[in-house]
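Please read the structure below before turning to the comments.
Protein chains in written order, with full-length UniProt numbering: chain P, 1 to 253; chain Y, 1 to 188; chain H, 1 to 161.
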């Protein structure tokens with residue numbers, strides 16, 4: 001099967017509620033009111049739809065870690081059935097994480113603006129647009145801090161830039177004990193496998209959503225103290241590096 | 001076991017937590033992936049979700065028993081209570097209502113006021129998804145797998161879903177039979 | 001105390017894990033069968049030469065019969081906890097999913113019921129059941145013998161017991 005463009009692959013189930021400032025709810029409701037015959041979606045009479053419930057209602061909600069482990073596990077099992085090897089499996093996990101990254105990015109921006117502007121203005125949608133990161137470092141800090149806290153309840157453990165002059169486009173985000181790998185014990189013939197490839201896909205989605213074309217991969221880098229320590233290698237594409245130079249000269253932060 | 005005692009087990013069982021949105025969105029990507037892999041053939045997606053749930057259920061029941069420490073239920077009514085007040089409470093932090101029993105006590109409905117799996121979700125507006133896709137169908141499989149492990153063969157399916165425009169989300173559960181212990185293969 | 005061996009049986013009556021630490025002592029008085037549990041599995045638990053594979057089948061036969069008899073006598077919820085022969089003590093724990101945990105120790109050992117329950121809750125469920133790279137069921141024992149499970153079982157038996 002030929003791979004469709006990445007952005008196109010995420011649309012089969014609409015998580016429309018996540019997109020901030022979207023005007024879809026209004027248009028859709030208007031359509032429904034205008035014509036009963038319109039093919040739009042049916043909604044329950046108590047109006048329990050994503051548009052009628054606050055987007056922040058689940059902001060601090062928690063669920064069982066085991067439930068996540070079981071879902072994630074089944075995702076890995078399902079992915080395993082259709083792959084040729086470890087690399088292929090990691091690629092599929094990456095692809096599953098990617099759309100999540102795009103959506104989380106919207107959620108992150110929405111939350112960072114609604115908290116900062118809510119005191120000043122009651123209408124968060126009319127306030128200034130959120131600050132999309134323009135520079136690599138700002139983007140990586142967004143991932144290392146807010147994104148990690150949203151997903152895993154804490155910041156990542158390290159953020160580093162490649163020291164090699166040959167690979168100035170490489171950055172490393174380290175998680176000493178990735179939550180997604182808590183229950184995974186790989187058989188010896190699969191010891192290279194790192195299921196945090198799913199998280200790598202999430203990071204890739206966030207970067208792409210911000211306009212930073214990149215490839216992200218997850219690598220086992222165990223230490224005595226942290227047996228499942230994982231390094232996410234973030235490799236930005238050439239156009240990103242070119243733009244970075246221009247922005248640098250222009251003094252854009 | 002009394003119904004209030006069952007509720008208390010559900011409330012008091014200690015559970016490690018994660019951000020609910022991570023769970024919700026991860027489930028969303030699973031369904032989205034299936035819709036893509038099965039070319040939006042929603043009957044196949046339902047089937048696959050049920051199958052995945054079955055696999056999860058067979059594992060989840062062990063975690064359920066380990067965490068809650070509960071033993072075998074005396075009858076199917078007690079089982080229903082245990083599912084709603086302890087099982088769903090522990091794993092999805094919701095307590096569906098058990099209702100609509102048949103007179104022979106072998107069928108009941110679970111009515112979901114809240115469903116964390118479907119948070120953020122709107123079904124595709126393709127004129128079919130709302131008639132064919134049961135978005136949370138994985139839950140039917142989870143019940144089937146879990147109960148099979150404790151010697152109950154059941155059948156479960158959704159009969160309504162707010163995502164389809166229905167006013168409630170309701171799952172119907174029927175006891176098919178109790179499963180006998182398996183014997184070791186006879187030696188010659 | 002000394003732990004001789006440990007077994008897990010699944011709901012299909014299959015031995016999905018076995019581990020030996022020390023060889024269990026056996027009666028040396030000829031081919032004596034005096035140390036078997038009467039009526040349970042009288043097929044010579046006292047024989048000296050036998051593979052662990054055969055052993056596991058006998059162990060299953062014994063606990064399965066004993067458990068069923070105990071239930072007939074004491075009701076559906078009754079279960080046996082351990083039994084003792086002149087040579088060793090067998091400890092038993094069964095979950096509602098019919099997964100059976102068996103440990104053989106020397107005679108001085110205290111009750112291992114809690115220990116077996118802990119192995120189930122903290123090791124089996126955490127490292128086998130929740131490991132997506134292990135199959136859901138374990139025909140032939142596939143997936144139980146993963147590194148995390150084996151290492152932590154070793155630690156638990158050697159250090160904690």
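Glycine included, each C-beta is placed from N, C-alpha and C at the ideal position.
I'd like to know if residue i contacts chain H, where contact means its C-beta is closer than 9 Å to some C-beta of that chain.
i                     : result
residue 62 (chain Y)  : yes
residue 55 (chain Y)  : yes
residue 188 (chain Y) : In this prediction, residue 188 (chain Y) has a pLDDT of 45, which is less than 50 and means its spatial position is unreliable; what the coordinates show is noted afterwards. By this cut-off, residue 188 (chain Y) is not an interface position.
residue 152 (chain P) : no
residue 124 (chain Y) : no
residue 74 (chain P)  : yes
residue 37 (chain P)  : Reliability of the predicted coordinates at residue 37 (chain P) is poor, the pLDDT of 42 falling under 50, and no value is obtained from them.
residue 71 (chain Y)  : yes
residue 2 (chain Y)   : no
residue 179 (chain P) : no
Establish whether the CB of residue i and some CB of chain Y are separated by less than 9 Å.
i                     : result
residue 231 (chain P) : no
residue 77 (chain P)  : yes
residue 124 (chain P) : Reliability fails at residue 124 (chain P), whose pLDDT of 44 lies under 50, so the model's placement of it is uncertain and the value that follows must be treated cautiously. It does not; no Cβ of chain Y falls within 9 Å.
residue 218 (chain P) : no
residue 7 (chain P)   : Its pLDDT being 48, under 50, residue 7 (chain P) is placed unreliably by the model, and nothing is read from it.
residue 30 (chain P)  : Because the pLDDT of residue 30 (chain P) is 40, which lies under 50, any placement of that residue in the model is unreliable, and the question is left without a value.
residue 192 (chain P) : no
residue 49 (chain P)  : yes
residue 42 (chain H)  : Per-residue confidence for residue 42 (chain H) stands at a pLDDT of 36, beneath the threshold of 50, marking its modelled position as unreliable; no derived number is given.
residue 124 (chain H) : yes
residue 55 (chain H)  : no
Report the neighbours of residue i on chain H: residues whose CB is nearer than 9 Å to its CB, in chain order.
i                     : result
residue 185 (chain P) : 127, 128, 131, 133, 134, 146, 147, 148, 149
Note down, in chain order, every chain P residue with its Cβ under 9 Å from the Cβ of residue i.
i                     : result
residue 84 (chain Y)  : What residue 84 (chain Y) touches in chain P: nothing, since even the nearest Cβ is about 16 Å away.
residue 17 (chain Y)  : 62, 63, 64, 65, 153
residue 195 (chain Y) : The displayed coordinates of chain Y run from 1 to 188. Any statement about residue 195 (chain Y) would go beyond what the structure contains.
Quick one: list the residues of chain Y neighbouring residue i, beta-carbon separation under 7 Å, in chain order.
i                     : result
residue 12 (chain H)  : 182
residue 120 (chain H) : 66
residue 60 (chain H)  : 184
residue 103 (chain P) : 25
residue 70 (chain P)  : 56, 59, 60
Just to make sure I have the definition right: I need the residues of chain P whose C-beta is within less than 8 Å of the C-beta of residue i. Which are they?
i                     : result
residue 130 (chain Y) : 41, 42
Considering only DSSP beta bridges, list what residue i is partnered with.
i                     : result
residue 173 (chain P) : P:159, P:232
residue 175 (chain Y) : Y:154
residue 181 (chain P) : Per DSSP, none; premise fails for residue 181 (chain P).
residue 102 (chain H) : H:7, H:92
residue 20 (chain H)  : H:5
residue 219 (chain P) : P:231
residue 17 (chain Y)  : P:64
residue 111 (chain Y) : Y:97, Y:170
residue 62 (chain H)  : Bridge partners of residue 62 (chain H): none, in fact.
Can you check whether the C-beta of residue i is within less than 9 Å of a C-beta belonging to chain P?
i                     : result
residue 52 (chain Y)  : yes
residue 26 (chain Y)  : yes
residue 20 (chain Y)  : yes
residue 77 (chain Y)  : no
residue 59 (chain Y)  : yes
residue 96 (chain Y)  : no
residue 110 (chain Y) : no
residue 137 (chain Y) : no
residue 43 (chain Y)  : no
residue 90 (chain Y)  : yes
Taking 8 Å as the cut-off, is the CB of residue i close to at least one heavy atom of the ligand MG?
i                     : result
residue 149 (chain Y) : With respect to the ligand MG, the structure shown offers nothing to examine, as it has no ligands at all.
Name, please, each residue of chain H whose Cβ falls closer than 8 Å to the Cβ of residue i.
i                     : result
residue 200 (chain P) : Per Cβ cutoff of 8 Å: no residues; residue 200 (chain P) is ~17 Å from chain H at best.
Using a cut-off of 9 Å between C-beta atoms, extract the partners of residue i located in chain Y.
i                    : result
residue 64 (chain H) : 181, 183, 184
Along chain Y, which residues have their Cβ under 8 Å away from the Cβ of residue i?
i                    : result
residue 45 (chain P) : 167
Chain P partners of residue i, CB-CB under 7 Å?
i                     : result
residue 29 (chain Y)  : 96, 99, 100
residue 119 (chain Y) : 58
- Message: Please identify, using Cβ separations under 9 Å, the residues of the stretch 160–177 of chain Y that lie next to chain H, in order along the chain.
- Response: Within the stretch 160–177 of chain Y, no residue qualifies.
Okay, do the stretch 71–78 of chain P and the stretch 83–103 of chain Y touch, 3+ Cβ pairs below 8 Å being the bar? With the cut-off at 8 Å, the stretch 71–78 of chain P and the stretch 83–103 of chain Y do not touch.
| query | Is the stretch 101–117 of chain Y touching the stretch 160–175 of chain Y in the sense that three or more CB pairs, one from each, lie closer than 8 Å? | reply | A contact is defined here as three or more CB-CB pairs under 8 Å, and the stretch 160–175 of chain Y meets this definition with respect to the stretch 101–117 of chain Y.
For the stretch 140–162 of chain Y, list every residue whose C-beta sits within 7 Å of some C-beta in chain H, in sequence order.
Hits within the stretch, in order: 149, 150.
Review point. Does the stretch 79–99 of chain P come within contact of the stretch 198–214 of chain P, defined as at least 3 CB pairs closer than 8 Å?
Key: With a cut-off of 8 Å, the stretch 198–214 of chain P and the stretch 79–99 of chain P count as touching, because enough Cβ pairs lie within range.
Note to self: With a threshold of 8 Å, are at least 3 pairs of Cβ atoms found where one atom belongs to the stretch 32–44 of chain Y and the other to the stretch 62–69 of chain Y?
What the structure shows: Result no; under three Cβ-Cβ pairs closer than 8 Å.
(Q) Taking contact to mean 3 or more Cβ pairs, one atom from each stretch, closer than 8 Å, check whether the stretch 209–229 of chain P and the stretch 170–184 of chain P are in contact. (A) With contact defined as three or more Cβ pairs closer than 8 Å, the stretch 209–229 of chain P and the stretch 170–184 of chain P are in contact.
### Query
Counting pairs of beta carbons, one from the stretch 28–39 of chain Y and one from the stretch 98–109 of chain H, are three or more of them closer than 8 Å?
The stretch 28–39 of chain Y makes no contact with the stretch 98–109 of chain H, as fewer than three CB pairs between them are under 8 Å.
Exercise. Relative to chain Y, which residues along the stretch 91–114 of chain H have a C-beta separation below 9 Å, given in chain order?
Worked result: Along the stretch 91–114 of chain H, the positions whose C-beta sits under 9 Å from a C-beta of chain Y are 95, 96, 97, 98, 99, read in chain order.
Next item on the list: Count the C-beta pairs between the stretch 6–20 of chain H and the stretch 171–185 of chain Y that are closer than 8 Å, then say yes if the count reaches three, no if not.
Entry: Touching, yes, given that three or more Cβ pairs across the two stretches are closer than 8 Å.
- Message: Assess contact between the stretch 87–103 of chain H and the stretch 139–153 of chain Y, defined as three or more Cβ pairs (one per stretch) separated by less than 8 Å. Is contact present?
- Response: Cβ pair count under 8 Å is three or more, so yes.
- Query: Three or more beta-carbon pairs under 8 Å between the stretch 7–27 of chain Y and the stretch 86–98 of chain Y, yes or no?
  - Reply: A contact exists between the stretch 7–27 of chain Y and the stretch 86–98 of chain Y.
| Do the stretch 43–62 of chain P and the stretch 163–174 of chain P touch if we need at least three Cβ pairs shorter than 8 Å? | Short answer: they don't touch.
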